[in-house]
Every structure is written in structure tokens, then in C-alpha cells.
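In our numbering, the protein residues as written are -16 to 251.
Every residue, glycine too, gets a C-beta built ideally from N, C-alpha and C.
Quick caveat: nothing in here was measured; it's all calculated off a predicted structure.
Notes to accompany the following structure.
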Ligand code: BTN
């Protein structure tokens, strides 16, 4: 395990995360079970661990997804990484703010690859009707505030075929751009980190309403009649948008209902 003690503090002048500082704080390892777990372990062993410290694994063997799911990925083809943040003065009830900023940052980074991504509420990254990536945010709390946050990101980069069970709903950067050659994964990682950090830095200065409006403008299936599963029943609904608490407002049968994560699922 090379040089993990050689981290430099990442916050450069003007509180800017430059591509250079992000690169200096990125540790690339061949194989890990989960980059989130590894970063957690580092956090408990190395103090202080600078904000912006990022771990990328060329191969992740026991990746974790949202709601206890498994995140499967193919060796050397996709991006799996985690980054450490110390959000300033972010109350536990405001965690959705961070979620939105990360989603927006990823979208911005993808737009530089000519990908117009949307966010399938709350934090799946979509290209048209297919998932290109997902986010797993794990927070450490103290006194009602988020003390630190581990942002785990999995993005499909060069994978060109997916297992039959998910082939209809998964895509990658390579498939979406129809690129003839593979993308360098480490460079892509820096671009994603850069987009994320640019948005993350707006946390201190932007009102939640502003962030929310940008997030809602990029929501997958917003305003379009679509099928949802609500309490085991298939319903047609129209997404209105998320609120500051992260609940999703959906118009169903002339009623505006607000859902938590476990209360509604998309039928794709
Ligand atoms: C999802 O279910 O959509 C979220 C997937 C998040 C996967 C990433 S890959 C890097 C990081 N390490 C993990 O174990 N999970 C996240």
C-alpha cells in the first residue's frame, strides 16, 4: 500500500480544489473490497485526513450500493471511488443538500463528455432511460451536524456489455458516447471529482432553494406521466420535484403526494 502518508492538504489558496490538488489527493489502488470501507478505515487510522482525500480502486470486489444492495463492477472497466468531505455547518436534516450538490457536480462533469445526464431521484445518474452510475453517501454525525461525509461513486465507463438481467437498464460512458476507444479511467475520475468539488464549494454560499431548483430541473422523468409502484400498486404519476428534505412530490390521480425513499419506486 504505497505512500498513503504522503497526502498533502488539499485546500489550496482561495479554497479551490484544483485539478492538480485533486490529483495529489487521489490514491489509486489495484484492488479493494469497497472504497467507502477503505476510506472509513483510513479515517479512523490517520488524523487529520484532509478533505478531498479520494480513493479509487481499479477493481472493487465487494462494492456496496444503496439500501444494502451490492454494486457489481468489472475490473479495469469502470470507475469506483470515494472522497472525503467535511461539510461546513451542515445539519443532519439538511443532508439532501449534499446529495443534490454531488449529483449536480457529476452531471456537470459528464456534460464535458457530451453526455446529458439526469438524476433519477434521489441519486441515480441516468442517461436517457439507463443508469450510468450511482452514489452512496455515508455520514459521521456529531451534535446534530454532519462531521464528515464519505461520498462513494460508481460510474460505468468502458463496459460495453452488461449481464442480461440489467442490459436493458444500464449504460456506460463508452456506450453513451459511442466512443471508438476506451476512456482513461483515472483522468475520468479527476474530471468527476473536479465537477463535484466545484458544486460542493457552492454549499457555503448558495441557498437551498437555488440548489433545489437546479436539481429539480435535471430530474429524470420530471413532469412526464410515468409508472410508479406505490404500496405495491402500479400507479401513473407525474413527478413535480423534490423538496429540501429530499422527499419526492408526485401528482397521482389529481393529488400531490410526498414520498420517502422506501415509499415509491420507478417502473422502468
Ligand atoms: C447505488 O446503489 O446506485 C450506489 C452505488 C455506489 C457504488 C460506489 S462504488 C464506490 C463506492 N464504494 C462502494 O462500496 N460503493 C460506492
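- Whole angstroms is fine: what's the gap from residue -5's alpha carbon to residue 77's? Low confidence applies here, because residue -5 scores a pLDDT of 38, under 50, leaving its location unreliable and the question unanswered by this model.
- Message: Pairs of beta-carbons, one from the stretch 84 to 91 and one from the stretch 162 to 178, closer than 8 Å: are there three or more?
- Response: Flag = yes, the stretch 84 to 91 and the stretch 162 to 178 touch.
- Could you tell me whether any non-hydrogen atom of the ligand BTN is closer than 8 Å to the CB of residue 229? No - the ligand BTN has no heavy atom lying nearer than 8 Å to the Cβ of residue 229.
- Message: Tell me the rounded alpha-carbon separation between residue 100 and residue 197.
- Response: Roughly 13 Å between the two C-alpha positions.
- Task: Could you check which residue in 86, 41, 112, 210 has the C-alpha nearest to that of residue 150?
- Result: Closest by C-alpha distance to residue 150, out of 86, 41, 112, 210, is 112.
- For residue 189 and residue 68, the rounded distance between their alpha carbons: Between the C-alpha atoms of residue 68 and residue 189 there is a straight-line separation of about 17 Å.
- By DSSP, does residue 58 sit in helix, in strand, or in coil? DSSP places residue 58 in coil when its eight states are reduced to three.
- Who are the Cβ neighbours of residue 14 in its own chain at under 6 Å, not counting the five residues just before and after it? The residues are 42.
- Those runs of the beta strand (DSSP E) which lie wholly inside the stretch 80 to 151 and span at least 3 residues: Listed in chain order, they are 100 to 103, 107 to 110, 113 to 125, 128 to 138.
- Message: Looking at the secondary structure, which residues open and close the beta strand (DSSP E) in which residue 217 lies?
- Response: Its beta strand (DSSP E) spans residues 216 to 225.
- Exposure of residue 237, with buried meaning 16 or more beta-carbon neighbours within 10 Å: Residue 237 counts as exposed, since fewer than 16 other beta carbons sit within 10 angstroms of its beta carbon.
- Message: What would DSSP say about residue 52, mapped onto helix, strand or coil?
- Response: Note: residue 52 maps to coil in three-state DSSP.
- Query: Which partner residues does residue 234 have in the DSSP bridge list?
  - Reply: In the DSSP output, where bridge partners are listed per residue, residue 234 has 221, 239.
- Report the rounded CA-to-CA distance for residue 229 versus residue 136, giving the unit in angstroms. Approximately 19 Å, taken between the alpha carbons.
- Query: Rounded to whole angstroms, how far is the Cβ of residue 159 from the Cβ of residue 98, which I believe are closer than 8 Å?
  - Reply: Between residue 98 and residue 159 the Cβ distance is about 5 Å, and since that is below 8 Å, they are a contact.
- Query: Going along the chain, which residues of its own chain have a beta-carbon closer than 8 Å to the beta-carbon of residue 194, five neighbours each way excluded?
  - Reply: Counting only Cβ-Cβ distances below 8 Å, and skipping sequence neighbours, we find 80, 83, 84, 87, 185.
- Could you give the residue range of the alpha helix (DSSP H) that holds residue 34? Run containing residue 34: none; DSSP gives neither H nor E here.
- Out of curiosity, what's the CA-to-CA distance linking residue 145 and residue 117? Spanning the two alpha carbons is a distance of roughly 16 Å.
- Reducing DSSP to helix, strand and coil, say where residue 63 ends up. It is a strand residue.
- Taking 8 Å as the cut-off, does the CB of residue 45 come closer than this to any heavy atom belonging to the ligand BTN? At least one heavy atom of the ligand BTN lies closer than 8 Å to the C-beta of residue 45.
- Hey, is residue 135 close to the ligand BTN, as in C-beta under 8 Å from one of its heavy atoms? Shortest gap from the CB of residue 135 to any heavy atom of the ligand BTN: under 8 Å.
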